[in-house]
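> Below is one structure. I have some questions about it.
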Amino acid sequence: MTRTLNPVTVEVIGSAFSSAVDEMGEALVRASHSTNIKERRDCSTALCTAKGEILCQAEHIPMHLGSFLQFVPRLLEAYPAEDLRPGDVFIGNDPYAGGGTHLPDIVMAEPIFVEGALFGWAINTAHHSDFADRGHAHVYQEGLRIPPTRLQRDGVRQAEVMRLFLLNCQVPDERLSDLRAQMAANRLGVLRMQELCARFGVETVEAAGVALMAYAERKMRAGIAALPDGTWTFSDIFETESQAEHLTLSVTLTIRGEQMALTFDSPPQVRAGLNVIYTALQATVYYAVKSVVDPTILPNAGLARPLSITAQPGTLLNCVHPAAVDGRISACQRVVDLIHGALAQVVPDRVSAAACGSVHVASFSGTRPDGGLWVYLETIAGGSGARPDKDGLDAVQVHMTNTSNLPLEALEAEYPITLMAYEFAEDSGGDGTWLGGMGVRRVYRADADCRVQIMGARLTSRAWGLAGGVPGASGAFRINGDPQAIGLSGSADLAAGDIFEVITPGGGGHGDPAGRSAVLRDADARAGRKAARA
Amino acid sequence: MAWRIGIDSGGTFTDVCLVDEDRSEVQIWKVRSTPDDPSRGIVQAFAEGLSRAGVSAQDVAFFGHGTTVATNALIQHRGVKTGLITTAGFRDLLAIARQKRPHLYDMSADKPQELVTRDLRLGVSERLRGDGSVEAPLDEEELRTAVRHLRAEGVEAIAVSFLYAFLSDRHERRAAEIIAEEFPQAFLSLSSDVAPEFREYERLSTTVVNAYLGPVMRGYVSALKSKLHDAGLSVAPNLTQSNGGVAGFDHAARVPVRTLLSGPSTGVVAAQRIGQVTGIDNLITFDMGGTSSDVALLTGGNCRLVAEADVHRYPLKTPMLDIHTVGAGGGSIARVDSGGLLKVGPRSAGAHPGPACYGLGTEDPTVTDANVVLQTQNPKALLNGQMPIDRDLSLAAMQRLADRLDLGVMETADGILDIVTANTAKAIRLISVQRGHDPRDYALMAFGGAGPVHAARLAAELGMDRILIPRTPGVLCALGLLLTDLRTDYAATQIRLLDEARPAHLAEVFEGLADQARDWFAREGIAPEAQRLSLHVDMRYAGQNYEIAVDLPEGPIDEDSLAALREGFLARHEQLYGFVAEGDAIQMVTYRLQATGLVSKAQMPAYPDAGPDASAAQTGQRPVWMREAGGFAETPIYDRTLLRPGNLIEGPAIIDQLDTTTVVPPGMTARVDPYLTLILERST
């Protein structure tokens, strides 16, 4: 049955798209084996058109959109559409070949065939905790590079591709199980789309997809048009565990009618895993603009149309081969701060002070008694920025990520680590009329010799406040109390019994601290909360 | 003569069902609820009902009660001031939760309100390891100081949740003894009692919600119990729980967190029983009210029990029927968003000011207005004529919306129904397709005030070809109270490889749970012949962290039981995820035992066949918009109370009754079964 296309049919089909990507995500999480996916949910799912435009992305991890933007277009360059068959599965991860934004995010895609023709793609990416303890001078040190590659043909696994991949992984059993979960998730997406096309007719579903993208575009245009025209600039400091020197990043943001142009300035790309591939920059801009302009815009390709993004190739924010990219999310978090800092000048009542601005990562690895390797990666939440009318949120993942924590009772069962404390960093949220959210203090004890690799920003700089609000406190990594124990290499050995401590940065405050009411100050004191001072 | 009574106390009405155990004739009535003190309305309903039926309170042999007291206290944050004691270093876990932010893109979104403020969350030195051994002993002096502090702060309830308490309760038990010495009046909630399962945050959250609601429920139950006693009730009253069973008032007051789905769960139980007598046991229930719809899936007559779900944004580990709620009801408001698409709900006009046709100031059309415009609902009055409405107001509201969409008025109203249907269908896909079940293998049972109005569209959207409308769709929950058993659940977590398990291990764990169940049977006074136990194991592949519940067959536990668990697990895994991992190790994680005390149920009488002719029940006709007919079709109107078994009605038709309206579209036929249930099927 082919139904006529009206706003109602479009809404109904759009709701089927979003329920399909949610279902794919749930299946991926539940069937996977590695802690980073099954409990921390560091994975995302989406549906694409035949050409690879995003039809619908699930609300998982904003950074992962960067993995989807070029995967299908670049795949189609290597595998012409007439060469594709139902039951094919493609794998990839390489930023310079369209496969992703850093190597551990492994993308899998399966073509959706309806009535013998290519209708679109089910696609997902999952962050595999592997390629651990590597170097980051250039991308060749960071892991195995995989361009979009056929892993399964006509439903038959290409065993030699799988063997090559698994040999390059430190925890191959986990990789295999996780890849199987990723394939199962795509399979569900394919089935759901085929059912949908059977119900509505393939032309109607395709037309609804086009209409949904136009709809997201209209909402983005309407949102931008409601902002005043003009040009604004904002600069911020960028430093990380491997980049002690303070680099300056800046944006020039221009609004003209329904369009917004963003031009980024940054230093030349660095010999560290901090560089940002263009697709990662795009994903970051889409997130940051949408969160201020209209958080309800559908997550599809349409929302990008009114935006133009420029950055000089070969710079930190638009790197070229062979720049290392593993920690690109640190720079992307700062890009969000840049855009929000510029938009705070345009619509001060809609923008929060800077959030913690970091994805604090601790990645542990070691050897099991049986000789096998183990790798455990986690990212630790910080404070969000104070809002114009209320405090920031304590201990949440901000902006480009939104992964869960791992239950302690699961962590200690799988790895030789004991968690000693997990609590608010009481003096981390910036002071103000409204306080920045508090970061977290997480303390581990190594129960066996192992190695820890860290990643994090705002270790010497601080998340800015707005309207007189005080910046949030910086974060830290310590071994046995020593903040200098981990050098610029970002990694260190832990002996059994060593205490490793992570403190995440707080969010910036909003408004003059003198404006905070006595009632709230009293409640802060009772809660043992000491705002970060200037 | 023995009577059974069920009283379901909702926000607007208190529904009563009374049945004589010998004649089985069900009597139903409603009184206005008394939200400031619900027990007043309940006792009034009890007394009025009995006098109306000419029954003495002494003759009541069973009293079942469904309540929203716990739910409302949680939604409105009217629980008590609560203290929390945790392992030192982990007091903020309650607020950190799973460290995700509440909305991915909207920075103004907030986390759910903290039920215990930071000054009342105290860490105490103690620590167990993952094997249940002691890393650090409980510091009893520190604990005493903490309890004295909480007492001085004026808390009424204390939650205690230590790490690994699901493996060993020794520190929590000792803490309970000390709290009983220092602060005996406090309502005490221990994680090892309330939710002895793996994953510390969810266990903590459940324990805290239980403490927060404890004194509220304890106060409510004891006041109600004494009032019912004064009114002459001589049997122990029962309260429904989220698992679809009832338990004694005292049990419910001890674990109030288990009553949060008390209301919707009895509707599911009633649907289950009606399906049974009708001979249809694969059902999807659809309970649509003014602001929301509850949906559930029954396979082979059973609704899946989930071990964990978010309730009003708080994660809870407690056995609940797998009921999903979506913000789609008769009062849901339709609007056009900034991108030009039509959206319906979740904002609702509620009962006040209600839909535009009530004339109380609502400007935007609601789902009810769409039905009034299309005349699927009576355009002059609702509630069998008791409530006059103004269709012109619905039309005007609809016209404003239609202009913005550049659609016709009827097309717009029709579109609103399509969208509310799509929203509900999405919820049903979640509980069916997403759990590996095809809705086309199920019949739709529609109830609640708005369910039967939208059932046919919803069924068509999901490809379902059979719909059941029970005889009393508006009071199904009260009826469910007379159809349910006493029921409670026990669980223990002990991770073990299936390949290494011996039947004796399994038997030992279940024997421990059965001991607890036997104590409960004794407390509830359940006779041995009425006692039933059913056993389940939550299983997964080693390496996964989400488990699948597998039934353990009845009978002694032996090697065959282990084989049955393996088969059951593999079949479910294939059904849910589309693959089995040949050769991968399988783990048993949590062992669950459900204890049931059978009670004699209200019987549903069958009525003699009166033949297919339904003309005696026809009360008139009016033009009704039928999408299948492409516009308005002159449609006969029937009175539900006049329909007799065997009557057949070809669509298009409208069947009215006090509490709802059933739409029979062209292409469907409605048949009345011997239990006066309406069965709609595609015409052949």
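Protein sequences appear in the order of chains A and B. Just add 1 to wherever you are in the first sequence, counting from 1, and you've got this note's numbering. Just add 29 to wherever you are in the second sequence, counting from 1, and you've got this note's numbering. For each residue, glycine too, the CB sits at the ideal point set by N, CA and C. It should be emphasised that the depicted structure is a prediction, and the values quoted were computed from it without experimental measurement.
(1) Assuming residue 476 of chain A and residue 460 of chain A are in contact, meaning their beta carbons sit under 8 Å apart, how far apart are those beta carbons, in whole angstroms?
(2) Nearest-angstrom Cα distance between residue 453 of chain B and residue 196 of chain A?
(3) On a CA-only basis, which of B:278, B:496, B:167, B:393 is nearest residue 307 of chain B? Give me that one, please.
(4) Under 8 Å Cβ-Cβ, which residues of chain A neighbour residue 448 of chain B?
(5) When the distance is taken between beta carbons, is residue 361 of chain B closer than 8 Å to residue 374 of chain B?
(6) Which chain A residues sit within Cβ distance under 9 Å of residue 663 of chain B?
(7) If I measure Cβ to Cβ from residue 658 of chain B and keep anything under 8 Å in the same chain, skipping five residues before and after, which residues do I get?
(8) Residues in the same chain with beta-carbon distance under 6 Å from residue 300 of chain A, minus the five sequence neighbours each way, listed in chain order, please.
(9) Taking CB distances under 8 Å as the criterion, tell me whether residue 216 of chain A reaches chain B.
(10) Along the chain, where does the alpha helix (DSSP H) containing residue 36 of chain A start, and where does it finish?
(11) Is residue 546 of chain B near residue 622 of chain B, with beta carbons less than 8 Å apart?
(12) Could you have a look at residue 386 of chain B and say whether DSSP puts it in helix, strand or coil?
(13) Is the shortest distance between the beta-carbon of residue 246 of chain A and the beta-carbons of chain B less than 8 Å?
(14) Could you check whether residue 339 of chain A and residue 252 of chain A sit closer than 8 Å to each other, using their CB atoms as the reference points?
(15) Nearest-angstrom Cα distance between residue 223 of chain A and residue 604 of chain B?
(16) Counting only C-beta atoms, is residue 456 of chain A closer than 8 Å to chain B at any point?
(17) Starting from the N-terminal side, write out each stretch of the beta strand (DSSP E) that is 3 residues or longer and does not extend beyond the segment 181-232 of chain B.
(18) With 16 other CB atoms within 10 Å as the buried threshold, where does residue 131 of chain A fall?
(19) Cβ of residue 319 of chain A within 8 Å of Cβ of residue 130 of chain B?
(20) Do you know how far the Cα of residue 530 of chain A is from the Cα of residue 109 of chain A?
(21) Rounded to whole angstroms, what's the CA-CA distance from residue 77 of chain A to residue 101 of chain A? Just pull it up for me.
(22) Return the first residue and the last residue of the beta strand (DSSP E) that residue 686 of chain B is part of.
(23) Assign residue 276 of chain A to one of three DSSP states: helix, strand, or coil.
(24) Mind checking the segment 113-136 of chain B against chain A and listing, in chain order, the residues whose C-beta falls within less than 9 Å of any C-beta there?
(25) Which of helix, strand or coil does DSSP assign to residue 421 of chain A?
(26) Give me the Cβ distance between residue 394 of chain B and residue 423 of chain B, rounded to the nearest whole Å; I'm assuming they're in contact under 8 Å.
(27) Just to confirm before moving on: does the CB-CB distance between residue 570 of chain B and residue 614 of chain B stay below 8 Å?
(28) In three-state DSSP terms, what is residue 194 of chain A?
(29) With a threshold of 8 Å between beta carbons, is residue 188 of chain A in contact with chain B?
(30) Would you say residue 387 of chain A lies against chain B (beta-carbon separation less than 8 Å)?
(31) Using the Cα positions of residue 480 of chain A and residue 500 of chain A, report the straight-line distance between them to the nearest angstrom.
(32) Could you say if the segment 469-486 of chain B and the segment 588-598 of chain B meet the contact criterion of at least three C-beta pairs nearer than 8 Å?
(33) Taking the straight line between their C-alpha atoms, what separation do you get for residue 2 of chain A and residue 10 of chain A?
(34) In three-state DSSP terms, what is residue 42 of chain B?
(35) State yes or no: is the beta carbon of residue 265 of chain A nearer than 8 Å to at least one beta carbon in chain B?
(36) Determine whether the beta carbon atoms of residue 40 of chain A and residue 528 of chain A lie at a separation below 8 Å.
Taking the structure as given:
(1) Taking the first sequence and counting its residues from 1, the one referred to as residue 476 of chain A is at position 475. Taking the first sequence and counting its residues from 1, the one referred to as residue 460 of chain A is at position 459. The beta carbons of residue 476 of chain A and residue 460 of chain A sit about 6 Å from each other, so the pair counts as a contact at 8 Å.
(2) Your numbering for residue 453 of chain B matches position 424 in the second sequence. Your numbering for residue 196 of chain A matches position 195 in the first sequence. So the alpha carbons of these two residues sit roughly 18 Å apart.
(3) Residue mapping note: residue 307 of chain B aligns to position 278 of the second sequence, counting from 1. Answer by Cα proximity: B:496.
(4) Locating residue 448 of chain B in the second sequence gives position 419, where the first residue counts as 1. Result: 9, 12, 13.
(5) Counting from 1 along the second sequence, the entry for residue 374 of chain B is found at position 345. Counting from 1 along the second sequence, the entry for residue 361 of chain B is found at position 332. Closer than 8 Å, so yes.
(6) Sequence index remark: in the second sequence, residue 663 of chain B carries index 634 (1-based). Here the premise fails: no neighbours, minimum Cβ distance about 26 Å.
(7) Taking the second sequence and counting its residues from 1, one reaches residue 658 of chain B at position 629. For residue 658 of chain B, where only same-chain residues beyond five positions count, the Cβ hits under 8 Å are 681, 695.
(8) By one-based count along the first sequence, residue 300 of chain A stands at place 299. So the list reads 58, once near-sequence residues are dropped.
(9) Looking up residue 216 of chain A in the first sequence gives position 215. With 8 Å as the cut-off, residue 216 of chain A counts as an interface residue toward chain B.
(10) The residue given as residue 36 of chain A occupies position 35 in the first sequence. Note, residue 36 of chain A: alpha helix (DSSP H), 36-39.
(11) Taking the second sequence and counting its residues from 1, one reaches residue 546 of chain B at position 517. Taking the second sequence and counting its residues from 1, one reaches residue 622 of chain B at position 593. Going by C-beta atoms, residue 546 of chain B is nearer than 8 Å to residue 622 of chain B.
(12) In the second sequence, counting from the first residue as 1, residue 386 of chain B sits at position 357. Three-state result, residue 386 of chain B: helix.
(13) As a working mapping, residue 246 of chain A is identified with position 245 in the first sequence. Chain B places no beta carbon closer than 8 Å to that of residue 246 of chain A, leaving this residue out of the contacts.
(14) Taking the first residue of the first sequence as 1, we reach residue 252 of chain A at position 251. Taking the first residue of the first sequence as 1, we reach residue 339 of chain A at position 338. Against a cut-off of 8 Å, the Cβ pair of residue 339 of chain A and residue 252 of chain A comes out as a contact.
(15) Indexing the first sequence from 1 puts residue 223 of chain A at position 222. Indexing the second sequence from 1 puts residue 604 of chain B at position 575. Whole-angstrom Cα-Cα distance: 44 Å.
(16) Along the first sequence, read from residue 1 onward, the residue named residue 456 of chain A stands at position 455. Not closer than 8 Å to any Cβ of chain B, the Cβ of residue 456 of chain A fails to qualify, so no.
(17) Listed in chain order, the beta strand (DSSP E) runs fully inside the segment 181-232 of chain B are 186-190, 216-219, counting runs of at least 3 residues.
(18) Here residue 131 of chain A refers to the residue found at position 130 of the first sequence. Counting Cβ neighbours within 10 Å, residue 131 of chain A comes out buried, since at least 16 surround it.
(19) The count along the first sequence starts at 1 and reaches residue 319 of chain A at position 318. The count along the second sequence starts at 1 and reaches residue 130 of chain B at position 101. No, they are not a contact pair.
(20) In the first sequence, counting from the first residue as 1, residue 109 of chain A sits at position 108. In the first sequence, counting from the first residue as 1, residue 530 of chain A sits at position 529. Cα to Cα, residue 109 of chain A sits roughly 45 Å from residue 530 of chain A.
(21) Here residue 77 of chain A corresponds to residue number 76 of the first sequence, with the count starting at 1. Here residue 101 of chain A corresponds to residue number 100 of the first sequence, with the count starting at 1. Taking the Cα positions, residue 77 of chain A is about 15 Å away from residue 101 of chain A.
(22) Taking the second sequence and counting its residues from 1, one reaches residue 686 of chain B at position 657. From DSSP, the beta strand (DSSP E) with residue 686 of chain B extends over 682-686.
(23) In the first sequence, counting from the first residue as 1, residue 276 of chain A sits at position 275. In the structure shown, residue 276 of chain A sits in coil (DSSP, three-state: anything other than H, G, I, E or B).
(24) Taking 9 Å as the Cβ-Cβ cut-off against chain A, the residues of the segment 113-136 of chain B that qualify are 117, 118, 119, 120, 121, 122, 124, 125, 126, 127, 128, 129, 130, 131, 132, 133, 134, 135, 136.
(25) Counting from 1 along the first sequence, the entry for residue 421 of chain A is found at position 420. The three-state reading of DSSP puts residue 421 of chain A in strand, counting E and B together.
(26) Translated into positions along the second sequence, residue 394 of chain B becomes position 365. Translated into positions along the second sequence, residue 423 of chain B becomes position 394. Cβ-Cβ separation between residue 394 of chain B and residue 423 of chain B: approximately 6 Å, consistent with a contact (criterion under 8 Å).
(27) Here residue 570 of chain B refers to the residue found at position 541 of the second sequence. Here residue 614 of chain B refers to the residue found at position 585 of the second sequence. For residue 570 of chain B and residue 614 of chain B, yes; Cβs fall inside 8 Å.
(28) Position 193 of the first sequence, counting from 1, holds the residue named residue 194 of chain A. Here residue 194 of chain A sits in helix by DSSP.
(29) Within the first sequence, the letter at position 187 stands for residue 188 of chain A. It does: the Cβ of residue 188 of chain A has a partner Cβ on chain B nearer than 8 Å.
(30) Here residue 387 of chain A is taken as the residue at index 386 of the first sequence, counted from 1. For residue 387 of chain A, the answer is no, since every Cβ of chain B falls outside 8 Å of its Cβ.
(31) On the first sequence, position 479 is the one that residue 480 of chain A refers to. On the first sequence, position 499 is the one that residue 500 of chain A refers to. Taking the straight line joining both Cα atoms gives about 6 Å.
(32) Contact fails: fewer than three Cβ-Cβ distances are below 8 Å.
(33) The count along the first sequence starts at 1 and reaches residue 2 of chain A at position 1. The count along the first sequence starts at 1 and reaches residue 10 of chain A at position 9. With a pLDDT of 37 at residue 2 of chain A, under the threshold of 50, the modelled position of this residue cannot be trusted, and the question is left open.
(34) Indexing the second sequence from 1 puts residue 42 of chain B at position 13. Here residue 42 of chain B carries a strand assignment [DSSP, helix/strand/coil].
(35) The residue you call residue 265 of chain A lines up with position 264 of the first sequence. Not closer than 8 Å to any Cβ of chain B, the Cβ of residue 265 of chain A fails to qualify, so no.
(36) Translated into positions along the first sequence, residue 40 of chain A becomes position 39. Translated into positions along the first sequence, residue 528 of chain A becomes position 527. Result no, Cβ atoms of residue 40 of chain A and residue 528 of chain A do not sit closer than 8 Å.
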